[in-house]
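> Sharing a structure with you now.
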Amino acid sequence: MRTRSRLAALALALCPAQGAGAQDLGDAARGETLFRHCKACHQVGQGARDRVGPHLNNLFGRRAGAHEGFRYSKDMMRAASGGLEWHADTLHIYIENPKNLVSGTRMSFDGLPDARDRADLLAYLRRFSADPSDIPEADPTATGTDHTVDPEILAIVGDPEYGEYLSSECTTCHRADGGDSGIPSITLWPEEDFVIAMHAYKNQYRAHPVMRMIAGRLSDDEIAALAAYFGSLDQ
Amino acid sequence: MTFNRRAFIGTAAAAMTLSAPMVRAASHGKPRVVIVGGGAGGATAARYIAKDSEGEIDVLLIEPTKTYYTCFFSNLVIGGFRTIDSIAHSYGTLASEYGVNVVHDWAVGVDRDARTVALAGGGSVPYDKLILSPGIDFVDGAVPGWDVTAQNAMPHAYKAGSQTALLKAQVEAMPEGGTFVMVAPPNPFRCPPGPYERISMVAHALKQTNPTAKIIIADPKANFSKQGLFEEGWEQHYAGMITRIGPDFGGQNVTVNPAEMTVDIDGEVIKADACNVIPAQKAGRIAELAGVTEGNWAPVNPTDMSSKADPDIYVLGDAAAQGDMPKSGFSANSQAKVCANAVRGALTGSRVFPAKYANTCWSLIATDDGVKVGAAYEPTAEKIASVDSFISQNDEDAATRKTTYQESLGWYDGITTDMFG
Chain A
55 MRTRSRLAAL ALALCPAQGA GAQDLGDAAR GETLFRHCKA CHQVGQGARD RVGPHLNNLF
115 GRRAGAHEGF RYSKDMMRAA SGGLEWHADT LHIYIENPKN LVSGTRMSFD GLPDARDRAD
175 LLAYLRRFSA DPSDIPEADP TATGTDHTVD PEILAIVGDP EYGEYLSSEC TTCHRADGGD
235 SGIPSITLWP EEDFVIAMHA YKNQYRAHPV MRMIAGRLSD DEIAALAAYF GSLDQ
Chain B
8 MTFNRRAFIG TAAAAMTLSA PMVRAASHGK PRVVIVGGGA GGATAARYIA KDSEGEIDVL
68 LIEPTKTYYT CFFSNLVIGG FRTIDSIAHS YGTLASEYGV NVVHDWAVGV DRDARTVALA
128 GGGSVPYDKL ILSPGIDFVD GAVPGWDVTA QNAMPHAYKA GSQTALLKAQ VEAMPEGGTF
188 VMVAPPNPFR CPPGPYERIS MVAHALKQTN PTAKIIIADP KANFSKQGLF EEGWEQHYAG
248 MITRIGPDFG GQNVTVNPAE MTVDIDGEVI KADACNVIPA QKAGRIAELA GVTEGNWAPV
308 NPTDMSSKAD PDIYVLGDAA AQGDMPKSGF SANSQAKVCA NAVRGALTGS RVFPAKYANT
368 CWSLIATDDG VKVGAAYEPT AEKIASVDSF ISQNDEDAAT RKTTYQESLG WYDGITTDMF
428 G
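Chains as they are written, first to last, in our numbering: chain A, 55 to 289; chain B, 8 to 428.
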């Protein structure tokens, strides 16, 4: 628990006057709206599954990097072995700027600089944790993806060797080792999420102009091939 | 319904293997690829061929410098946003992790019949496939009064490193209210937005320490890359500081006198306190020595970057005449990966996939004011042709511009990792 107490002290030092310390519950309704920042990668609520990021049910009290079946970054595993646990204080620090706490995390998120936003978001998230207990029995699943893709497209089995070749176009910007300063990490995503994201760009549902262009000329099979390749990379 | 890409490609690859049998050099056990030039094209090609062939191909990289300074982001050094050390890279990882044989020497000749490359240090190396990625050299006499002996007085800073540091120092040493002159190059040249990003960075540096200084650009071109974005940014950040003299006012009619530090623009003589001469450009000299150039550049086939003059030679990056792609590090890196796939296929029978090319150029106008332009390209019968493009918009908010700048930082990490490992 040494890590946690050190981080807790840091959390207090970082936001002493903002009244949004670890004990502040925040406004869960507002937090639900803020969760839109997270939804592209995380699910929470009934039936939530791991996507690009792990699901966030029972997050409070969970040891970092310990959620079974999810492939974490090396740095997250290192932080976990150093004793990092997720509580309101550590989550505050992490959400403010993930890389400040776990420098090599694959979580591609700039952070919420406003302490009130963080408190509200955490108030929302702790509704889905047994400790502190507040699991809403019939809360609907917060969906993790921003649009749907034809099941036939999702069913395409990608050719990883072709994907490896195609990936060389991606690695001009996205690092193959999963590092992400300024440009998000795209390694170790579930294939389905990768395919959905690429089709969201291809169909102009997502805004980024470079990605619209790159995805726009990839065929359904090529997107499946890329998903297969990136999903298969080691950390 | 699931379309089976694997079976389809497998058939195609088998057919291709029959028509392109494996090549084995007589002189040694493994096929050898020699690459001349360790920049965005050559380093990328070396890394990909070595990595993907898993030891089946000998990769030998000839590059004279032991420390490579990327031209991209060198303007940011002049602006004070990066240190010179932060754009320096070594070839150590290519050698130690990927087994590339890095030879620090100049390639001074190519014997295409014998398939050997002569080295300045003596001797020669045989190749099965030769990849030339030599970047640019300057056209002799392009700017009357200037040659490389004048590059200390009037730096080009268009090959990064000592020239970058020199130009930065000269900008910093300008007297209060002094004049910076840039002689901009005619098309085509390396990094189309480069001169104008540089103007932005010089203006940024001067605004901090010497805000009454003036900047004059003599430009032979009527238009330039991202012109609307740059001009809007200059007005916003550096109002009244920058004057551009285009061809309608004689911007192409320039003579310099490095001894006197004067620049004659269409008959008007200007005293310069710092002067950046970026001459007209041509393919790096080894391309000409290899006999694969036509005019100033080396024509290539759009499907695989092979030379139109010799099927065993490939030309990457700035030196190549390929069609619509701009001469940029991003383009060279993109071309290198298509070429690496083709070369490996020709030498080992590995699968060859269709060429796809892309480019994006980010430029920084002021602190956190980043813009970008880019396009996707595909081979046609005649050339590499642009199929889709985008550009930053004039009225973007500050958050978008900041994100674009941060994205460029991410890209820098990405591409340099892709080049050097």
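Virtual Cβ for every residue (Gly too), placed ideally from N, Cα, C. Remember, predicted model here, so these are calculated numbers, not experimental data.
(1) When DSSP labels each residue in this structure, what does Gly137(A) get in the three-state scheme?
(2) Does DSSP classify Phe427(B) as helix, strand or coil?
(3) Taking the alpha-carbon positions, what's the Ala133(A) to Lys153(A) distance?
(4) Taking the C-alpha atoms as reference points, what is the distance between Met161(B) and Ala279(B)?
(5) Under 8 Å by Cβ, that's how I've got Ile206(B) and Met189(B) pegged, so tell me the actual separation to the nearest angstrom.
(6) Excluding five sequence neighbours on each side, which residues of the same chain lie with their C-beta closer than 6 Å to the C-beta of Met268(B)?
(7) For Asp117(A), does the count of other Cβ atoms within 10 angstroms reach 16, so buried, or fall short, so exposed?
(8) When the Cα atoms are used, what is the spatial distance from Asp375(B) to Pro200(B)?
(9) Could you please give the first and the last residue of the uninterrupted beta strand (DSSP E) stretch that includes His96(B)?
(10) In whole angstroms, what is the alpha-carbon distance linking Cys368(B) and Ser335(B)?
(11) Give me the Cβ distance between Arg251(B) and Ile224(B), rounded to the nearest whole Å; I'm assuming they're in contact under 8 Å.
(12) If we ignore side chains and look at the alpha-carbon of each, how far apart do Ala251(A) and Asp275(A) end up?
(13) Excluding sequence positions up to five away, which residues of its chain have a Cβ less than 8 Å from the Cβ of Ala282(A)?
(14) DSSP three-state label for Glu20(A), please.
(15) So Ala52(B) and Phe427(B) are supposed to be a Cβ contact under 8 Å. How far apart are they, rounded?
(16) Mind listing the chain B neighbours of Glu86(A)? Cutoff is C-beta to C-beta under 8 Å, in chain order.
(17) Between which two residues does the beta strand (DSSP E) containing Gly370(B) stretch?
(18) Taking 7 Å as the threshold (C-beta atoms), are Val345(B) and Ala7(B) in contact?
(19) CB-CB under 6 Å to Arg260(A), same chain, minus the five flanking residues each way: which ones, in chain order?
(20) Should Pro263(A) be flagged as near chain B, meaning a C-beta pair shorter than 7 Å?
(21) Run down chain B in chain order and give the residues with a C-beta less than 9 Å from the C-beta of Ser239(A).
(22) At 4 residues or longer, what runs of the alpha helix (DSSP H) sit wholly inside the stretch 36 to 63 of chain B?
(23) If you run the structure through DSSP and keep just helix, strand and coil, what is Phe256(B)?
(24) Nearest CA to the CA of Ala95(B): which residue from Ala220(B), Thr72(B), Tyr134(B), Leu323(B)?
(25) Could you tell me whether the Cβ atoms of Cys95(A) and Arg105(A) are closer together than 7 Å?
(26) Going along the chain, which residues of its own chain have a beta-carbon closer than 6 Å to the beta-carbon of Val178(B), five neighbours each way excluded?
(27) Comparing alpha-carbon positions, which option in Gly377(B), Thr74(B), Pro193(B), Gly44(B) lies nearest Gly240(B)?
(28) Is there a Cβ from chain B that is less than 7 Å from the Cβ of Gly107(A)?
(29) Is Cys95(A) close to chain B? Criterion is C-beta to C-beta, closer than 7 Å.
(30) When we look at the beta-carbon of Pro141(B) and count the other beta-carbons within 10 Å, is it buried (16 or more) or exposed?
(31) Give a yes or no on whether the C-beta atoms belonging to Lys37(B) and Asp65(B) are separated by under 7 Å.
(32) From this set, Gly99(A), His109(A), His141(A), which residue's C-alpha is nearest Gly115(A)'s C-alpha?
(33) When the cut-off is 7 Å and only beta carbons count, does Met267(A) lie next to chain B?
(34) With the cut-off set at 7 Å, would you say Val284(B) and Val150(B) are in Cβ contact?
(35) Would Phe397(B) count as contacting chain A if we go by Cβ distances under 7 Å?
(36) Are at least three pairs of beta-carbons, each pair with one atom in the stretch 109 to 116 of chain B and one in the stretch 255 to 264 of chain B, less than 8 Å apart?
In terms of the structure at hand:
(1) coil
(2) DSSP places Phe427(B) in helix when its eight states are reduced to three.
(3) Straight-line Cα distance between these residues: approximately 12 Å.
(4) 10 Å
(5) 6 Å
(6) Ala279
(7) Note that residue 117(A) is Arg in the sequence shown here, rather than Asp. By the neighbour-count rule (16 or more Cβ atoms within 10 Å), Arg117(A) is not buried but exposed.
(8) Pro200(B) has its alpha-carbon roughly 17 Å from the corresponding atom of Asp375(B).
(9) From DSSP, the beta strand (DSSP E) with His96(B) extends over 95 to 97.
(10) 8 Å
(11) 4 Å
(12) 14 Å
(13) Val211, Gly212, Asp213, Pro214, Gly217, Glu245
(14) Outside the displayed range of chain A (55 to 289) lies residue 20(A), so it cannot be described from this structure.
(15) Contact flag wrong, Cβ pair sits at about 12 Å.
(16) Going along chain B, no residue has its Cβ under 8 Å from Glu86(A), so there is no contact; the nearest lies around 24 Å.
(17) The question names Gly, but residue 370(B) is Ser in the sequence shown. Here the beta strand (DSSP E) through Ser370(B) covers 364 to 373.
(18) Coverage of chain B is limited to positions 8 through 428, which leaves residue 7(B) absent and any answer about it impossible.
(19) Ala254
(20) It does; some Cβ of chain B falls within 7 Å.
(21) The premise fails here: Ser239(A) is roughly 10 Å from chain B at the closest Cβ pair, so nothing lies under 9 Å.
(22) Qualifying alpha helix (DSSP H) stretches, in chain order: 49 to 60.
(23) helix
(24) Comparing Cα positions, the closest option is Thr72(B).
(25) In this structure, Arg105(A) lies closer than 7 Å to Cys95(A) by Cβ.
(26) Val209, Ala212, Ala281
(27) Gly377(B)
(28) Gly107(A) has a beta carbon lying at 7 Å or more from every beta carbon in chain B.
(29) Answer no: the Cβ-Cβ gap between Cys95(A) and chain B never drops below 7 Å.
(30) buried
(31) yes
(32) Checking every option, the nearest Cα to that of Gly115(A) belongs to His141(A).
(33) yes
(34) yes
(35) Between Phe397(B) and chain A, the shortest Cβ-Cβ separation is below 7 Å.
(36) no
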